[in-house]
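**Q**
In UniProt numbering, the protein residues as written are 1 to 154.
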């Protein structure tokens, strides 16, 4: 099964430096995506299913909150290893410190300037119900599906 996202031709697949913000603009950040937008993923865990974000990856050192850190709220659940941040004003999820790789942040691609989750024609869906860090995940595939978006007109 193909495990890389398929990007719309409108996106620059080589771009790695991004600015981003929540919906109301209170939280602003800068990130360098070492793999660019090719790190795009969805997850099938209970939280990700509900928030529906396409995330991309940045190393901890390559992510910086520029404004509005005081507006960020933290949500943790289950093992409380992952740290999920959202704007307390507009409610938009901006980023999270990953449980699967604590050296990275997952960033909401919809918060990146010039990027929409609908710019990804296909996005791999990671196994999150049986998290890779949990013993019961042994032998389960890391990618469980592909989420597709096909526009019906231009």
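Yeah, the Cβ is synthetic: ideal placement off N, Cα and C, and Gly gets one too. Small disclaimer: the values here were computed from a predicted structure and weren't measured.
Taking the alpha-carbon positions, what's the residue 75 to residue 21 distance?
**A** Start at 1 with the first residue of the chain shown, and residue 75 comes out as number 75. Start at 1 with the first residue of the chain shown, and residue 21 comes out as number 21. Taking the straight line joining both Cα atoms gives about 18 Å.
**Q** For the stretch 26–33 against the stretch 60–74, are there 3 or more C-beta pairs whose distance is under 8 Å?
**A** Touching, per the Cβ criterion.
**Q** Short of 8 Å in beta carbon distance, which residues of its chain neighbour residue 150, apart from the five on each side in sequence? Order them along the chain.
**A** In the chain shown, the residue the question calls residue 150 occupies position 150. So the qualifying residues of the chain are 121.
**Q** Helix, strand or coil for residue 36 per DSSP?
**A** Here the question's residue 36 lines up with position 36 in the chain shown. Three-state DSSP puts residue 36 in a helix.
**Q** Given a cut-off of 8 Å on the beta-carbon distance, is the pair residue 40 and residue 123 in contact?
**A** Residue 40 sits at position 40 when you count from the first residue of the chain shown. Residue 123 sits at position 123 when you count from the first residue of the chain shown. Contact: yes.
**Q** Have a look at the DSSP bridge pairing and note the partners of residue 106.
**A** What you label residue 106 is simply residue 106 of the chain shown in a count that begins at 1. Partner(s): 57, 96.
**Q** Taking residue 96 as the reference, which of 105, 6, 16, 89 has the closest Cα?
**A** To locate residue 96, count along the chain shown from 1; it is residue 96. Out of 105, 6, 16, 89, 105 has the C-alpha closest to the C-alpha of residue 96.
**Q** May I ask whether a heavy atom of the ligand NAD can be found less than 7 Å away from the beta carbon of residue 36?
**A** Ligands in the displayed structure: none, and consequently the ligand NAD is not present.
**Q** Since residue 46 is in the alpha helix (DSSP H), which residue starts that stretch and which ends it?
**A** The count along the chain shown starts at 1 and reaches residue 46 at position 46. Note, residue 46: alpha helix (DSSP H), 46–51.
**Q** Quick one: give me the first and last residue of the beta strand (DSSP E) that residue 121 is part of.
**A** Walking along the chain shown from the start, residue 121 turns up at place 121. That run of the beta strand (DSSP E) goes 120–126.
**Q** For residue 67, which residues does DSSP report across the bridge?
**A** Working through the chain shown from its first residue, we reach residue 67 at position 67. DSSP lists 28 as partners of residue 67.
**Q** Would a C-beta distance cut-off of 8 Å place residue 5 and residue 38 closer than the cut-off?
**A** For the purposes of this step, residue 5 is taken as the residue at position 5 of the chain shown. For the purposes of this step, residue 38 is taken as the residue at position 38 of the chain shown. Yes, the Cβ-Cβ distance between residue 5 and residue 38 is below 8 Å.
**Q** Tell me the DSSP secondary structure of residue 43 in three-state form.
**A** Along the chain shown, read from residue 1 onward, the residue named residue 43 stands at position 43. Residue 43 falls in the strand class under three-state DSSP.
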